[in-house]
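Undergrad: Following the working numbering, the numbering of the sequence shown begins with 142 at its first residue and continues without gaps.
Even for Gly, the Cβ is constructed at its ideal location relative to N, Cα and C.
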Amino acid sequence: MSSATSPLARTPSVKATTSTSTSCKRISRSPSGSPPSRHAPAARVSPPSPPSSICAKLNADVRSNAVLDAPYFDLAGHVDSRVYSISNVRYRDGSNDHTAAVLDVGVQRLLPSPSTPPPSPTRSKNAPSPFLVQRTGYGARAMFASEPLRAGFTILVERPVMLAPYIIGTALYEETEAQIFHTLLAQLPPETQARVLTLSSCKSVEECDVLLGIIRTNALPVTLPVPTDVLHPELPTHRALFLDTSRCNHSCAPNARWHWDPATLSLSLIAVRPIGLGDEITISYLPGTHLLLPRQTRQSLLLSAYNFSCCCAACIRMDEAESDAARFELGRVTWNVPKFEEWIADRKQVFSDALLVEAHTRRVLLIESEGLESICDNSKPGSCSPSLGGAVPKTATALPLTQYTRHLDALAMAYGALGDARNFREWTWRARESRPLSDVGSAKVLQAWITDIASFPVWGWRRRL
Ligand SMILES: C[S@@+](CC[C@H](N)C(=O)[O-])C[C@H]1O[C@@H](n2cnc3c(N)ncnc32)[C@H](O)[C@@H]1O
142 MSSATSPLAR TPSVKATTST STSCKRISRS PSGSPPSRHA PAARVSPPSP PSSICAKLNA
202 DVRSNAVLDA PYFDLAGHVD SRVYSISNVR YRDGSNDHTA AVLDVGVQRL LPSPSTPPPS
262 PTRSKNAPSP FLVQRTGYGA RAMFASEPLR AGFTILVERP VMLAPYIIGT ALYEETEAQI
322 FHTLLAQLPP ETQARVLTLS SCKSVEECDV LLGIIRTNAL PVTLPVPTDV LHPELPTHRA
382 LFLDTSRCNH SCAPNARWHW DPATLSLSLI AVRPIGLGDE ITISYLPGTH LLLPRQTRQS
442 LLLSAYNFSC CCAACIRMDE AESDAARFEL GRVTWNVPKF EEWIADRKQV FSDALLVEAH
502 TRRVLLIESE GLESICDNSK PGSCSPSLGG AVPKTATALP LTQYTRHLDA LAMAYGALGD
562 ARNFREWTWR ARESRPLSDV GSAKVLQAWI TDIASFPVWG WRRRL
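Here it is in structure tokens:
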């Protein structure tokens, strides 16, 4: 589930060699020839300057890669100053979690040793699992709900078994990249290695190394909590492989979303609408708001990155023209819908009450009919604006609010400002139900508003203008 790799990954620009001489293994660049054996002795060599033609192409490729978000990437600078090492991330939270990682030595030094346990799943660890992984009719595996799950339920929390800089997949020889992942695999306990090797690959053995195919099919882009600077914006972005989440198929109307918490180095999988017993649990492989693109474009993106023709319910069952039009409208009107904050501050009443209520209600209906409750704005994790008009403080690791929740919040607060008690209670309840169950702070605020409508800070304020 990492995004497509550049063709330049197969171009000899940066190479690696490994050493087993210390507890962690150093990787440096070797000037020429084929990649060294996995068990080669340490070889620190001066890096070659990559040919300028390769630099230019690779720089352009990395700079336009949305996942890396490195518009000023400079390969020559990167090559000159980076050294990678292979090690195991140690967790000091009593868990048996094991992550084999290749990390830039500077990044590794700055990485906190997570002593905070990952967020709890909604269910305790000893309770029966809310999901199971089964083979489907066509042989592939998929994740299914083993009980009805409500919206906001945390289906699982897991740590990655492998972690590697995203740039490695872009800037290395394919053989070298494969060699690095084989070295990581060898760090893992045998049963974990066996599970990794059962994951699916969208590449044939003729196309690439089996393990590399597994990484390219299943790894997710995650950000490590290290300070970055304009010179090396690519440093925090990594690929992480998760064993359970890798079983989730893609849907263009997914019923779950995943969230990476850099503080605890863990991923949570969260239901975004109620999921019935036996229903498949799906996520989106497309980044940000790409689910709003027309079906043909989504299909092409999935085909080129993952080599499959999407056969999700949205692509098979929905009327293509209607669905494309609904998604286009959702993408198009984002900036035309007045935000609650703009409307409430609008003393001249440029934005009519009906405009605000109708625009947000329309978008709620479109999102529900298209099954797009998972989409968030293209904001980075942690950069989401404070919710509920600032009533709940923003935290660095907060889950980004979905567009769906933002519209429900806007409607709840608009009805509150209009002093409409019935609608205020109904939309406030819906806004509460749409949130992750772990968002206890927002749930408390919203419940207090439902219980005592006058506690809503601007109750009836718009009527008094
Ligand atoms: C991350 S894996 C998902 C789990 C996988 N089905 C398995 O058996 O382990 C991604 C692979 O699943 C398949 N897949 C996922 N979503 C799909 C979809 N919407 N339509 C068709 N195939 C899909 C593709 O083969 C893809 O390369």
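Excluding sequence positions up to five away, which residues of its chain have a Cβ less than 8 Å from the Cβ of L384?
TA: Locating residue 384 in the sequence shown gives position 243, where the first residue counts as 1. Scanning its chain for C-beta atoms nearer than 8 Å, with the 5 sequence neighbours on each side dropped, one finds around L384 the residues E299, V302, T333, R336, V337, L340, in chain order.
Undergrad: Closest to L497 by CA distance: which of P253, A551, Y447 is it?
TA: Sequence index remark: in the sequence shown, residue 497 carries index 356 (1-based). Taking only the C-alpha atoms, the option nearest L497 is A551.
Undergrad: For M303, report the span of its beta strand (DSSP E) as first-last.
TA: As a position in the sequence shown, residue 303 is number 162, starting the count at 1. Note, M303: beta strand (DSSP E), 303-306.
Undergrad: Note down the Cα distance separating P177 from R414, rounded to an integer number of angstroms.
TA: In the sequence shown, counting from the first residue as 1, residue 177 sits at position 36. In the sequence shown, counting from the first residue as 1, residue 414 sits at position 273. The predicted model places P177 with a pLDDT of 32, which falls under 50 and marks its position as unreliable, so this point remains unresolved.
Undergrad: For I422 versus F214, is the C-beta distance shorter than 9 Å?
TA: Start at 1 with the first residue of the sequence shown, and residue 422 comes out as number 281. Start at 1 with the first residue of the sequence shown, and residue 214 comes out as number 73. With contacts defined by Cβ atoms closer than 9 Å, I422 and F214 do not form a contacting pair.
Undergrad: For D402, write down the residues that DSSP places opposite it in a beta bridge.
TA: Taking the sequence shown and counting its residues from 1, one reaches residue 402 at position 261. Looking at the DSSP assignment, D402 forms a beta bridge with S407.
Undergrad: Return yes when at least one heavy atom of ligand 3 lies under 8 Å from the C-beta of R576, else no.
TA: Ligand 3 is absent from the structure shown, which contains only ligand 1.
Undergrad: Can you pull the DSSP bridge partners for N359?
TA: Along the sequence shown, one-based indexing puts residue 359 at 218. None; N359 has no bridge partner.
Undergrad: According to DSSP, C517 sits in a beta bridge with which residue or residues?
TA: To locate residue 517, count along the sequence shown from 1; it is residue 376. In the DSSP output, where bridge partners are listed per residue, C517 has T543.
Undergrad: Answer with buried or exposed for E375, where buried requires no fewer than 16 other C-beta atoms within 10 angstroms of its C-beta.
TA: Counted from its first residue, the sequence shown places residue 375 at position 234. Buried, because 16 or more other Cβ atoms sit within 10 Å of the Cβ of E375.
Undergrad: Around the C-beta of T269, are 16 or more other C-beta atoms found within 10 angstroms, so that it is buried, or is it exposed?
TA: Looking up residue 269 in the sequence shown gives position 128. Checking the sequence shown, residue 269 turns out to be Pro, not Thr. With fewer than 16 Cβ atoms within 10 Å of its Cβ, P269 is classed as exposed.
Undergrad: DSSP beta-bridge partners for Q275?
TA: Working through the sequence shown from its first residue, we reach residue 275 at position 134. Paired residue(s): A283.
Undergrad: Taking only the alpha-carbon atoms, compute the straight-line gap between I355 and R388 and give it to the nearest angstrom.
TA: By 1-based counting over the sequence shown, the position of residue 355 is 214. By 1-based counting over the sequence shown, the position of residue 388 is 247. Approximately 12 Å between the Cα atoms of the pair.
Undergrad: Where does L252 land, buried or exposed, given buried means 16+ other C-beta within 10 angstroms?
TA: Working through the sequence shown from its first residue, we reach residue 252 at position 111. Burial call: buried.
Undergrad: What residue does the alpha helix (DSSP H) around Y447 start on, and which one ends it?
TA: Here residue 447 corresponds to residue number 306 of the sequence shown, with the count starting at 1. Per DSSP, Y447 belongs to the alpha helix (DSSP H) from 436-447.
Undergrad: Rounding to the nearest angstrom, what Cα-Cα distance links R179 and R398 in this structure?
TA: Position 38 of the sequence shown holds residue 179. Position 257 of the sequence shown holds residue 398. Residue confidence for R179 is low, a pLDDT of 28 falling below 50, so the modelled location carries little weight; the figure read from the coordinates is stated next. In this structure, the alpha-carbon of R179 lies about 37 Å from that of R398.
Undergrad: Is V505 helix, strand or coil by DSSP?
TA: By 1-based counting over the sequence shown, the position of residue 505 is 364. The answer is helix: DSSP assigns V505 an H, G or I state.
Undergrad: Please return the same chain residues whose Cβ sits closer than 7 Å to the Cβ of F449, not counting the five positions on each side in sequence.
TA: One-based indexing of the sequence shown puts residue 449 at position 308. C343, L443, listed in sequence order.
Undergrad: DSSP state of V586, grouped into three classes?
TA: Taking the first residue of the sequence shown as position 1, residue 586 is located at position 445. Residue state, collapsed to three classes: helix.
Undergrad: Kindly examine ligand 1 and report whether one of its heavy atoms sits closer than 8 Å to the Cβ of C609.
TA: Only positions 142 to 606 of the chain appear in the structure, and residue 609 is not among them; the question remains open.
Undergrad: Would you say F449 touches ligand 1, meaning its beta carbon is less than 8 Å from a heavy atom?
TA: Here residue 449 refers to the residue found at position 308 of the sequence shown. Yes - ligand 1 has a heavy atom lying nearer than 8 Å to the Cβ of F449.
Undergrad: Please state the DSSP three-state secondary structure of L290.
TA: Here residue 290 refers to the residue found at position 149 of the sequence shown. In this structure, L290 counts as strand in the three-state DSSP scheme.
Undergrad: Are the beta-carbon atoms belonging to F492 and M554 less than 9 Å from one another?
TA: To locate residue 492, count along the sequence shown from 1; it is residue 351. To locate residue 554, count along the sequence shown from 1; it is residue 413. No; because the gap between Cβ atoms is not below 9 Å, this pair is not in contact.
Undergrad: Exposed or buried, what is E483 when buried is set at 16 or more other beta-carbons lying within 10 Å of its beta-carbon?
TA: Sequence index remark: in the sequence shown, residue 483 carries index 342 (1-based). Flag for E483 reads exposed.
Undergrad: What I want to know is whether the C-beta of S579 ends up closer than 8 Å to one or more non-hydrogen atoms of ligand 1.
TA: Position 438 of the sequence shown, counting from 1, holds the residue named residue 579. No, since every heavy atom of ligand 1 falls outside the 8 Å radius drawn around the Cβ of S579.
Undergrad: From what residue to what residue does the alpha helix (DSSP H) around N267 run?
TA: By 1-based counting over the sequence shown, the position of residue 267 is 126. First-last for N267: undefined, no H or E at that position.
Undergrad: Given W401, which residues of its chain have a CB within under 6 Å of its CB, disregarding the five upstream and five downstream residues?
TA: Translated into the one-based positions of the sequence shown, residue 401 becomes position 260. Correct list, in chain order: V363, L408.
Undergrad: Using alpha carbons as the reference points, say which of Q249, S236, R276, Y307 lies closest to V203.
TA: Residue 203 sits at position 62 when you count from the first residue of the sequence shown. Ranking the options by Cα distance to V203, first place goes to Y307.
Undergrad: What are the start and end residues of each continuous alpha helix (DSSP H) run of 4 or more residues lying completely inside the region 312-366, in chain order?
TA: 315-328, 331-339, 351-359
Undergrad: Please state whether DSSP places D465 in a helix, a strand or coil.
TA: In the sequence shown, counting from the first residue as 1, residue 465 sits at position 324. It is helical.
Undergrad: Starting from R380 and walking both ways along the beta strand (DSSP E), at which residues does that stretch end?
TA: The residue given as residue 380 occupies position 239 in the sequence shown. R380 -> beta strand (DSSP E) spans 378-382.
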